[in-house]
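Residue numbers (my numbering), protein chains in the order written: chain V, 362 to 472; chain S, 109 to 221.
What follows is a set of notes on a single structure, which appears directly below.
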Amino acid sequence: QQKVQQSPESLIVPEGGMASLNCTSSDRNVDYFWWYRQHSGKSPKMLMSIFSNGEKEEGRFTVHLNKASLHTSLHIRDSQPSDSALYLCAAKNTNTGKLTFGDGTVLTVKP
Amino acid sequence: AQTIHQWPVAEIKAVGSPLSLGCTIKGKSSPNLYWYWQATGGTLQQLFYSITVGQVESVVQLNLSASRPKDDQFILSTEKLLLSHSGFYLCAWSLHLNQDTQYFGPGTRLLVL
Chain V
362 QQKVQQSPES LIVPEGGMAS LNCTSSDRNV DYFWWYRQHS GKSPKMLMSI
412 FSNGEKEEGR FTVHLNKASL HTSLHIRDSQ PSDSALYLCA AKNTNTGKLT
462 FGDGTVLTVK P
Chain S
109 AQTIHQWPVA EIKAVGSPLS LGCTIKGKSS PNLYWYWQAT GGTLQQLFYS
159 ITVGQVESVV QLNLSASRPK DDQFILSTEK LLLSHSGFYL CAWSLHLNQD
209 TQYFGPGTRL LVL
């Protein structure tokens, strides 16, 4: 069974600080990763996707992917209180097409 | 632009009663459609997916069923609710390639008492 592990479970950073979230898949047939953000009581919104080795930056958000280790990380610089949310990592098995989500990291940004 | 609607927004139902949740996608032709369930504080779990009208695949058995009666409509239902059905039900859509993103609707919050 494909598993997506996220760490840490929860994270508190000060406003203006850097938040770093991790995600690893145990399924060797995973090729594509997404990060979603889910504010309390709302549905998940796609934040970033990454499919190739390396780094991708969009504004304050940077994602890294190491395909050899099936590890991706999300970094949020200059964190804002509005970034406080559940961050979900999702990985797609390209054989089955199934998208599997991790349990998420709860980020709290303290003003 | 595509829009995704889910109904109802929230429901409180009795154990043993029937349930029907709906999802409509506008602005996309023949999308893949998905149902997910999220227990309070829990992981997003895919329940069903459909790549075309009339075809639905079950991913997890939770005493629920799904149907796709129209290209833009996806229905989740059960004849008998259990307490364990409480949670947040999310419909999602995507295009057809593996690298296509799944986009979620606003969700339906269900409480079974």
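Using N, Cα and C, we set each Cβ at its ideal position, and we do this for glycine too.
At a Cβ-Cβ threshold of 8 Å, V/Leu468 and V/Ala446 count as neighbours. Against chain V, the CB of S/Thr151 has a partner CB under 8 Å away; the residue lies at that interface. Those residues of the region 199 to 212 of chain S placed with their C-beta closer than 7 Å to a C-beta in chain V are Asn206, Gln207, Thr209, Gln210, Tyr211 and Phe212, ordered along the chain. Nearest CB-CB separation between S/Gly124 and chain V: not below the 8 Å threshold. Under the 8 Å criterion on CB atoms, S/Pro139 is classed as non-interfacial with respect to chain V. Of the other Cβ atoms in all chains shown, 16 or more fall within 10 Å of the Cβ of S/His193; this residue is therefore buried. Following the DSSP letters along the chain, one finds V/Asp392 inside the beta strand (DSSP E) bounded by residues Val391 to Gln399. Around the CB of S/Gln114, 16 or more other CB atoms lie within 10 Å, so the residue is classed as buried. Across the set S/Gln207, S/Trp201, S/Tyr211 and S/Tyr197, the C-alpha of S/Tyr197 shows the shortest separation from the C-alpha of S/Gly150. Shown here for S/Thr148: same chain residues with a beta carbon closer than 8 Å to its own, the five before and five after excluded, namely Ser194, Gly195 and Phe196 in chain order. Between V/Lys406 and the set S/Phe182, S/Ser173, S/Phe212 and S/Leu218, the nearest pair of CA atoms involves S/Phe212. Within chain V, the residues Lys403 and Ser404 have their CB atoms less than 9 Å from the CB of S/Pro214, given in chain order.
Of all C-beta pairs linking the region 177 to 189 of chain S to the region 156 to 168 of chain S, three or more are shorter than 8 Å, placing the two stretches in contact.
When the Cα atoms are used, V/Gly458 and S/Gln154 turn out to be separated by approximately 12 Å. Under the three-pair Cβ rule at 8 Å, the region 363 to 380 of chain V counts as touching the region 429 to 442 of chain V.
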